[in-house]
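Heads up: the structure comes next, in C-alpha cells.
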Amino acid sequence: MADHQHFSQQRPHMRKASRATAQSPSSGHPQHRAATQPAGTRPAAAPHTRPAQRTSTRRSALPIVASVLILLVFAGAGFGIYTLVRSILGSSDDAPATSQNSNVIIEDAASAGPGDIVIGLNGDEDTYVLVGEDYLEAGAHATEPVDGLLNSQIEISGEVDTSKPGDYTVTYTVDDSQGHTATAERRVHVVDEMDTMEGGMPILMYHYVYADDAPPEDLNSNYIAASAFEEQLQYLTEHNFYFPSYPEIKAFIEGTHSLPANSIALTFDDGEYGFLSVGIPLLEKYQVPATSFIICVNADARQQVIDHRSPYVSFQSHGFDLHKPGGSIGHGGVISALSKDEIVADLKQAQEVLGTTEAFAYPFGDVTDDAREAVDEAGILCAFTTENGWAHVGDDTRSLPRVRMNGGTSLEGFIGSIS
Ligand SMILES: [Zn+2]
0 MADHQHFSQQ RPHMRKASRA TAQSPSSGHP QHRAATQPAG TRPAAAPHTR
50 PAQRTSTRRS ALPIVASVLI LLVFAGAGFG IYTLVRSILG SSDDAPATSQ
100 NSNVIIEDAA SAGPGDIVIG LNGDEDTYVL VGEDYLEAGA HATEPVDGLL
150 NSQIEISGEV DTSKPGDYTV TYTVDDSQGH TATAERRVHV VDEMDTMEGG
200 MPILMYHYVY ADDAPPEDLN SNYIAASAFE EQLQYLTEHN FYFPSYPEIK
250 AFIEGTHSLP ANSIALTFDD GEYGFLSVGI PLLEKYQVPA TSFIICVNAD
300 ARQQVIDHRS PYVSFQSHGF DLHKPGGSIG HGGVISALSK DEIVADLKQA
350 QEVLGTTEAF AYPFGDVTDD AREAVDEAGI LCAFTTENGW AHVGDDTRSL
400 PRVRMNGGTS LEGFIGSIS
C-alpha cells in the first residue's frame with residue numbers, strides 16, 4: 000500500500016445523531032424516534048488512533064468481495080406468542096433457581112404511534128475489517144408499534160470489497176405495512192493494518208440498573224446505579240471502544256477474524272424494568288450498543304421488545320421457559336433436567352418471540368452438553384454462561400464466560416476488569 004491513510008485516520012467520534020430516519024408517506028416529514036437521541040452528547044473523546052504496529056493476524060486469504068443484497072430471514076418473526084403462563088421471573092442468575100423474587104411488571108413506556116419505526120444495527124455502526132479478511136454481515140433490527148418486529152423484512156444493500164482498503168457503506172432499509180420506510184447505515188472501514196485484540200475479549204454481564212434516587216428494596220450486587228453505569232459508558236466512549244457483533248465475536252473466538260483493539264460487548268440479563276427504563280436511555284445517550292437477554296415466557300415479553308425498542312439494543316434469548324428451577328446442577332435451573340430436543344424446542348420458541356437467532360444466555364449459567372448441542376441446532380451464534388472471566392480465542396462459543404459487573408465496583412475496578 001502506498002500509505003496507511005485508511006488506517007491512520009481516526010475512527011469517527013461524532014457518530015450521527017441518529018441511526019435511523021423514518022419517512023411517513025402521508026406527511027413527508029421524518030419521524031424522529033431515533034433522531035430524538037441527544038445529539039452531541041457523546042463526549043468529545045481524545046483522539047484515538049490505531050498505530051500501524053501489528054500485522055501478525057493478517058492473512059493472505061483471497062480477497063473477498065462481499066456483495067450483499069439479501070433479505071434476512073429470521074425464523075418465526077412476525078408471529079406473536081402471548082402466553083398467560085405465570086413465570087418465575089426476577090430471580091437473578093446468581094441466586095439459586097429456587098429463590099423466586101416477585102414478578103417484574105413492565106409498564107408501557109411507549110407513546111409512539113404507527114409508522115414510528117426504530118431500526119438499529121447489530122454491532123458497531125463503524126465496522127473495521129482487515130484487508131483480506133471477511134466482512135461479516137451482522138444485520139440490523141427493526142420494530143414498529145403496529146407491525147411489531149420487522150427484522151425479517153430488512154433489506155441490506157451495498158458492497159464491501161475487503162481486497163481494497165477504503166470506506167464502504169452498507170444500507171439497511173425496512174418498510175412497514177403502511178408504507179413507512181426507515182433506513183440505517185453502517186460504515187465499513189477496510190484497513191490494511193490495525194491494532195487488534197489479542198487472545199480474548201471482555202463480554203460484560205450486567206443485570207439491573209436503578210435510578211440513584213430510587214434504589215430497590217432488595218439492593219444487591221446485581222444492581223448498578225445509573226450514575227455508576229454512566230461513568231462506565233463515558234469511559235468506553237472516551238476511549239473509543241469497539242462493539243463487535245455476534246458474527247464477529249464468534250469468528251474472533253474461533254480464531255478466524257481480527258477485532259480492533261478495545262473491543263467489548265455489553266449484555267444485560269432478564270430484561271428487568273430498571274434496565275429497560277433507566278439503562279436503555281443511557282445506552283442511547285452514549286450510543287453504545289448492547290444486548291438485552293429476555294425471558295420469553297413472560298406474557299409481555301414481545302411487548303417489552305416493542306415498547307423499549309432502541310437502535311442500540313438487540314433483544315436476544317434468555318430462553319423461553321428455562322428461567323426456573325427443576326434441575327440438579329449449578330444453580331438448579333431446569334435446563335439440566337431437559338433433553339436436547341426439549342431445549343431446542345424451547346430455544347426456537349424464544350426465537351419466535353424475539354425474531355432473532357444470534358445469542359443466548361443460559362439462565363443461572365447452568366449448562367450441559369445437551370444444552371450446547373441444542374444451541375447449535377437452534378442456530379445460535381454465541382451462548383453465554385455466568386462464569387466470570389474474559390472470553391478467549393479457542394473457547395467454546397456455545398458457553399462463553401462473561402465479566403461480571405457488580406454494582407459496588409469502582410470505576411478503577413471496572414477499568415481493571417476490561418483491560
Ligand atoms: Zn436470568
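If you're matching positions, the sequence shown starts at 0 in numbering that gives the first Met the number 0 and goes up one per residue.
The beta carbon of each residue, even a glycine, is placed where N, CA and C say it ideally should be.
Q | Straight-line gap, P259 to G325 (C-alpha atoms, nearest Å) | A | Spanning the two alpha carbons is a distance of roughly 42 Å.
Q: With DSSP as the reference, label Q348 as helix, strand or coil.
A: Q348 falls in the helix class under three-state DSSP.
(Q) Runs of 4 residues minimum, wholly inside the stretch 212-278: which ones carry the alpha helix (DSSP H) assignment? (A) The stretch 212-278 contains, as complete alpha helix (DSSP H) runs of 4+ residues, the segments 225-237 and 245-252 (chain order).
(Q) In the DSSP output, which residue or residues are listed as bridge partners for Y207? (A) Its beta-bridge partners are Y222.
Q: Could you check what DSSP says for P42 in three-state terms: helix, strand or coil?
A: In this predicted model, P42 has a pLDDT of only 31, less than 50, meaning its place in the structure is not dependable; the value taken from the coordinates is given anyway. P42 falls in the coil class under three-state DSSP.
Q | Per DSSP, the bridge partner or partners of E143 | A | E143 is bridged to G147.
Q: With hydrogens ignored, establish whether the beta-carbon of P362 is closer than 7 Å to any heavy atom of ligand 1.
A: P362 has its CB nearer than 7 Å to a heavy atom of ligand 1.
Q. Under the three-state reduction of DSSP, which class applies to I334: helix, strand or coil?
A. The answer is helix: DSSP assigns I334 an H, G or I state.
Q. Where do the N-terminal and C-terminal ends of the alpha helix (DSSP H) with E411 fall, by residue?
A. That run of the alpha helix (DSSP H) goes L410 to I417.
Q: Jot down the residue ranges of each uninterrupted beta strand (DSSP E) in the stretch 278-314, minimum 3 residues, whole runs only, in chain order.
A: Segments of the beta strand (DSSP E) lying fully in the stretch 278-314: 289-293.
Q. Nearest-angstrom Cα distance between R403 and T367?
A. Rounded to whole angstroms, R403 to T367 spans 21 Å at the Cα level.
Q.
Going by C-alpha to C-alpha distance, which of L282, S309 and N239 sits closest to E143?
A. Nearest to E143 by C-alpha distance, out of L282, S309 and N239, is S309.
Q) Hey, quick one: how far does the beta strand (DSSP E) through R186 stretch, first residue to last? A) Unbroken beta strand (DSSP E) run through R186: T180 to V190.
Q: Return the CA-CA distance between D191 and G273, expressed in angstroms with no decimal places.
A: Roughly 42 Å separates the two Cα atoms.
Q.
Give me the residue from H307, Y311 and L346 with the minimum Cα distance to H322.
A. Nearest option by C-alpha distance: L346.
Q. Cβ of H307 within 7 Å of any heavy atom in ligand 1?
A. No.
Q. In chain order, what residues of the same chain have a beta carbon less than 7 Å from the beta carbon of V312, not counting five sequence neighbours either side?
A. Only I279, L282, A289 and S291 meet the Cβ criterion.
Q) So, do the stretch 380-394 and the stretch 406-415 have three or more beta carbon pairs nearer to each other than 8 Å? A) By the C-beta criterion, the stretch 380-394 is judged not to be in contact with the stretch 406-415, since fewer than 3 inter-stretch pairs fall below 8 Å.
Q | Straight-line gap, G332 to F240 (C-alpha atoms, nearest Å) | A | In a straight line, the C-alpha of G332 is about 34 Å away from that of F240.
(Q) Given the structure, does D217 come close to ligand 1, in the sense that its CB is under 7 Å from one of the ligand's heavy atoms? (A) False, no ligand heavy atom lies under 7 Å from that Cβ.
Q) Any heavy atom of ligand 1 closer than 7 Å to the Cβ of D434? A) Beyond the ends of the chain as shown, which are 0 and 418, falls residue 434; an answer cannot be given.
Q) Do three or more CB pairs link the stretch 158-177 to the stretch 114-122 at distances below 8 Å? A) Touching, yes.
Q. So G199 packs on A344, CB below 8 Å; how close in whole Å?
A. Your pair G199 and A344 does not check out as a contact, with CB atoms roughly 33 Å apart and the cut at 8 Å.
Q) When you compare only the Cα positions, how much space is there between L203 and D269? A) Their backbone Cα atoms lie some 14 Å apart in a straight line.
Q) Which residues does DSSP pair with D166 in a beta bridge? A) Paired residues: H188.
Q. Looking only at its own chain, which residues have a Cβ that is under 6 Å from the Cβ of V159, when we skip the five neighbours before and after it?
A. Shown here for V159: same chain residues with a beta carbon closer than 6 Å to its own, the five before and five after excluded, namely A65, Y134, Y167 and V187 in chain order.
Q.
For P400, tell me which candidate among S156, R301, L265 and E372 has the shortest Cα-Cα distance.
A. Comparing Cα-Cα distances from P400 to each of S156, R301, L265 and E372, the minimum goes to L265.
Q: Evaluate the contact criterion for the stretch 350-370 versus the stretch 314-321: three or more CB pairs, one atom per stretch, below 8 Å.
A: In the pairwise beta carbon analysis, the stretch 350-370 is classified as touching the stretch 314-321: at least three pairs are separated by under 8 Å.
Q) In the DSSP assignment, what residue or residues form a beta bridge with L380? A) As DSSP reads the structure, L380 sits in no beta bridge.
Q | Residues near Y361 by beta carbon distance below 6 Å, same chain, minus five either side | A | The residues are T384.
Q: Give every residue of the same chain whose Cβ lies closer than 7 Å to the Cβ of A373, excluding the five residues on either side of it in the sequence, and list them in chain order.
A: Excluding sequence neighbours, A373 sits near K339, I342, V343 and L346.
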